[in-house]
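Residue numbers (my numbering): 2 to 191.
In this text, a Cβ means the ideal position worked out from N, Cα and C, and glycines have one as well.
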Amino acid sequence: MNFGRLCSLSIVTFVVAGCGAPPQIVPTVPPGAEVREVPPADLTSEPAVAVGESITASKKEALASVEGMDPNAPPSITADDAKKQGLIVESDGQGKGDGAQVGKSVSVHYTGRLKDGTEFDSSIKRGVPFTFILGRGQVIKGWDAGLQGMKVGEKRKLTIPPELAYGDRSTGKIPAKSTLMFDVEMIAID
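Written as structure tokens, this is what we have:
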């Protein structure tokens with residue numbers, strides 16, 4: 002066997018051996034997020050996110066991914082209107098920097114519980130913060146209103162009445178007409 006063929010065979014062997022299964026993509030959908038199935042553009046491309054990686058997008062990318070999203074549109078609900086509807090927000094008063102504003106991309110860790118204490122979701126247990134555009138209806142109204150003004154490092158307890166959560170419909174482990182309680186920590190504001 003000549004030297005050229007031996008080198009070619011070695012290179013092919015290394016390339017094939019280096020190819021493995023792509024990392025598993027872990028979907029994380031927080032309470033209130035709208036899920037749309039989108040067919041992949043290219044089945045040969047690498048996965049967007051591997052297990053344990055944080056899911057983030059620039060504000061422009063996030064807004065572009067939601068059909069009809071106007072970055073100058075008014076918030077889905079104001080904090081004052083939500084409080085009139087029964088939203089209770091308790092803050093630890095900590096945190097640094099400017100508070101989160103409508104239209105900003107925010108990353109949070111959270112644990113959600115029913116009024117009886119039953120946990121139904123936790124980004125902390127998944128080890129991946131949840132990122133979304135604040136005030137644009139990507140999450141339940143209680144979140145859009147309850148996280149406005151929150152600073153990085155601040156922790157809040159939200160008590161969200163059914164009207165600002167899922168109302169008359171049930172979803173996953175959450176029964177219809179449930180008051181939801183969340184412990185939320187602001188991780189980043191972009």
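Unbroken alpha helix (DSSP H) runs of no fewer than 4 residues, entirely contained in the segment 82-165, are found at 124-127 and 142-147, following chain order.
Here the alpha carbons of Val129 and Asp169 stand approximately 29 angstroms from one another.
Bounds of the beta strand (DSSP E) holding Ala189 are Leu181 to Ile190. When only Cα atoms are considered, Glu155 and Val140 end up about 19 angstroms apart. With 16 or more other Cβ atoms inside 10 Å of its own Cβ, Thr132 counts as buried. In this model, Ser124 and Tyr111 are separated by some 6 angstroms (Cα to Cα). By the beta-carbon neighbour count (other beta carbons within 10 angstroms, threshold 16), Ala177 is exposed.
Taken atom to atom, the span from the alpha-carbon of Gly173 to that of Gln86 is near 24 angstroms.
By alpha-carbon distance to Asp82, the top candidate from Gly143, Met187 and Lys152 is Gly143.
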